[in-house]
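Protein sequence lines, in the order shown, are assigned to chains A and B.
Last residue of the first sequence: 230 (the numbering used here), numbering continuous.
Last residue of the second sequence: 1267 (the numbering used here), numbering continuous.
Glycine is no exception: its CB is placed at the ideal position from the N, C-alpha and C atoms.
Shown next, in C-alpha cells, is the structure this report addresses.
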Amino acid sequence: MNCEKCQELIHDLLDGSISRSDELTLNTHLRECLDCESVRQDLTSIVGFCRANRGEYEAPPNSQALWLRIRNVIESETIPVPSGARAPRKSFLADWMGRSWELSLPQLASLVAAIVLCVSLVTVVGVRRWGAPPPSMSQGSFSANSTPVTDRVFQRQQLISYWNQRVELNKARWSPEMRATFERNLQVIDQAVSQSLNELDRNPHDEISEQMLNESLNDKLALLKEFSDL
Amino acid sequence: MPQVSDCILRSPTLMKTRSLTWLPSNRAALASVAVLLSVVCLSSLVQAQQKMSKRYPAGKNVRIELKNISGTIVVESWNKDEIRLSATMESSNAHVVPRQIDESLVVDVMSDNRGRGDVGDINFRLQVPANSSVDLETRRGQISVLNLRGSSVRAHVSTEGDIELTNITASQVVAQNTIGNIFFDGEFSTGGTYEFKSTKGDITIRIPGNSAFRLVAASPAKRIALGDFWNNGFKTQDGRKYVGDVGDGRSSVSVTNFSGQITFLRK
C-alpha cells in the first residue's frame, strides 16, 4: 500500500466505513510509515475535537472573505521564489495588462472622478491656450509688439468701445458736475490720442509718438473702466 | 371840459408808476426778506453737511488706503501713534465706513455708497504717524500729502485735481492725474522708484542738489527743464524725451507729461 491510498483509507477509517480487510492493510502500513501515522493522529484529534465541541464554536463573521484570504495566502506560498535566482521581471505594460482589474464601487467611483477631472483640466488648458483672444486684447496694458500700430489701435479701440458702452449706461446717475468733468477729461485724452496718431502719420517710426499713443489709449481705457462702475 | 392835468392824474399808467415807486420802507422789507432767505438757505446747507472724526490706534507700519469719488484728500503726519480721520460730507446721503485691517486703515467710498446715487463731495483729512504709507485715489479732487517718510506714497486722480506731495521721503512714489498740476518736494531714496504722469498740467519736482537718479522724461510738447540736474550724459530725442543719469543713478525716475511743463528744481 502506498501513502496516497493509505491517506484515503484514513478518512474511511475515521468515518467508520472501512472494510475489515482494508483496515488490516491500513494498520500494517501505519505501523511501518510514521508520516501516515502522524496524519492519522492529526485527523483523529481534529475530528474528535469537532465532535466534542459540536455547535459551540462561532463561525467567522464573513466566511467568504476568510476563505479568500486563506486562498491568497496559500497561492502566495505555492509559488516560492528561489533564493539564489531572481525571478524574471515583467515589464510594466505586461504587468499592467496582466493585472486583475476587479474594482470595488468606491474605487470605480474614484476612477471615474479622476478621469472627469483630467478631461476637464485638459479642456480648460486647451481652451485658454488656443481659444483665448491675443494678449493685447485681453490684458489691460497696451504693450508694443510686432503687429502694426493701426492693428493695435483698432484692437484697443474695440475694448474702449466696450467700456464706453458701459459708461454710457451709468452716466445718467452721475451729477452734472461729474458728467462735465468726465467729458472734459475724456476730450483731453482724445486730443492726446489724435495728436499722437497725426505724428505717427507723418513719421510712422517715431518711438515717442508711439509711446505716447500707447499711454494715452491706456489712460482712456483706465478712465472708462473707473467710471463704468460709478 | 376836462383839463389835461386831470387826465394825467386819472391815467392808469401813472397809477402803476406810482405803485412801483421804491419807498424806503419797501426797501427795508425786501432786504429783510432777502436776509431771512439767506439765513434759511445757509442753515439748510449747514444742516445737510455731515462731519465725522474718528481715531484709530496705529501700529509700527501704518498703511492708509483711501478711495474717494469726489473731494479733496489731505494727509499729513503728526507726532502721535494714532490715526485721526476727519471727513466732511456734502450730502447727508453719503456714507463713510472706515475699516481697520491689521495695520491698514481702509476707506472705500465707492463700496460704502454703492446704490446710493450721487453722494457729492467728501473731503478727507487724515493725520497719521510720519512713517505711514498711503495709497490715495479719487475720481475728482485735489490730493495733498505732507511730511511723510513711509515706504510708499501713491496719489491717483482719475480726472482733474492737483497733486501736492510735500516733504516726502519714500522709496516708492506714484502721482498721476489727467488734468492738473503735480508737485513733488522730497528726496529720492537709494533704489527707489518714482513715477509722475499728467496729460495736461505742469509737473514740478523739487529735490536736493545731490540727488542721484536715472531719469526718463517725456513731453511731446518739448517742455522739459532739467535745470541744475542737466548734464552732457543725457540723451535726447529732439527735446521731447530725455534719458540719462544724474549722479550714479541710484533711483529710477519716470516723468511723462503730454502737454504741460516738466521742471526740476534744486532745494
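At a Cβ threshold of 8 Å, is residue i touching chain B?
i	result
residue 219 (chain A)	yes
residue 175 (chain A)	yes
residue 150 (chain A)	no
residue 153 (chain A)	no
residue 168 (chain A)	no
residue 185 (chain A)	yes
residue 123 (chain A)	no
residue 142 (chain A)	At residue 142 (chain A), the pLDDT of 44 sits below 50, so the modelled position is not reliable; the number obtained from the coordinates is stated separately. So no, residue 142 (chain A) is outside the interface.
residue 223 (chain A)	yes
What first and last residue would you give for the alpha helix (DSSP H) that runs through residue i?
i	result
residue 12 (chain A)	3-15
residue 47 (chain A)	34-52
residue 1077 (chain B)	Note, residue 1077 (chain B): premise wrong, no alpha helix (DSSP H); beta strand (DSSP E) at 1073-1077.
residue 199 (chain A)	176-202
residue 1098 (chain B)	Premise fails: residue 1098 (chain B) is in no alpha helix (DSSP H) and is neither H nor E.
residue 107 (chain A)	105-126
residue 227 (chain A)	207-228
Identify the contact partners of residue i in chain B, using a Cβ-Cβ distance below 7 Å as the criterion.
i	result
residue 226 (chain A)	1139, 1158
residue 215 (chain A)	1256
Of all the CB atoms in chain A, is at least one closer than 8 Å to the CB of residue i?
i	result
residue 1261 (chain B)	no
residue 1190 (chain B)	no
residue 1041 (chain B)	Unreliable placement is indicated for residue 1041 (chain B), whose pLDDT of 48 sits below 50; no coordinate value is reported for it.
residue 1224 (chain B)	no
residue 1106 (chain B)	no
residue 1179 (chain B)	yes
residue 1051 (chain B)	no
residue 1253 (chain B)	no
Interface residues of chain A around residue i at Cβ under 9 Å?
i	result
residue 1220 (chain B)	192, 195, 196, 199, 208, 209, 212
residue 1069 (chain B)	178, 230
Taking residue i as the query, report the chain A residues whose CB atoms sit under 7 Å from its CB, ordered along the chain.
i	result
residue 1268 (chain B)	There is no way to answer for residue 1268 (chain B), as the model of chain B reaches only from 1001 to 1267.
residue 1199 (chain B)	188, 189, 192, 219
What does residue i pair with, by DSSP beta-bridge criteria?
i	result
residue 1308 (chain B)	Here chain B comprises residues numbered 1001 to 1267, so residue 1308 (chain B) is not present and cannot be evaluated.
residue 1156 (chain B)	B:1137, B:1176
residue 1066 (chain B)	B:1107, B:1136
residue 150 (chain A)	DSSP output for residue 150 (chain A) lists no bridge partner at all.
residue 1186 (chain B)	B:1168
residue 1206 (chain B)	B:1185, B:1265
residue 1257 (chain B)	B:1198
residue 1057 (chain B)	B:1082
residue 1252 (chain B)	B:1193, B:1214
residue 1050 (chain B)	B:1089
residue 1163 (chain B)	B:1143, B:1182
Just reading off the beta strand (DSSP E) that residue i is part of, what are its end residues?
i	result
residue 1087 (chain B)	1082-1089
residue 1124 (chain B)	1122-1128
residue 1226 (chain B)	Per DSSP, residue 1226 (chain B) belongs to no beta strand (DSSP E) and is neither H nor E.
residue 1143 (chain B)	1143-1148
Rounded C-beta distance between residue i and residue j? I'm assuming under 8 Å.
i	j	result
residue 1255 (chain B)	residue 1196 (chain B)	5 Å
residue 219 (chain A)	residue 189 (chain A)	5 Å
residue 1146 (chain B)	residue 1132 (chain B)	Their Cβ separation, rounded to whole angstroms, is 12 Å, which puts residue 1146 (chain B) and residue 1132 (chain B) out of contact at 8 Å.
residue 1239 (chain B)	residue 1222 (chain B)	4 Å
residue 1201 (chain B)	residue 1180 (chain B)	5 Å
residue 1139 (chain B)	residue 1070 (chain B)	6 Å
residue 1165 (chain B)	residue 1107 (chain B)	Incorrect: roughly 19 Å between the Cβ atoms, too far for contact.
Going along chain A, which residues have a C-beta under 8 Å from residue i?
i	result
residue 1237 (chain B)	207, 208
Exercise for the section: Check distances from the C-beta atoms of the segment 1114-1125 of chain B to those of chain D and list, in chain order, the residues that come in under 8 Å. Expected result: Absent from the structure: chain D. Protein chains present are A and B.
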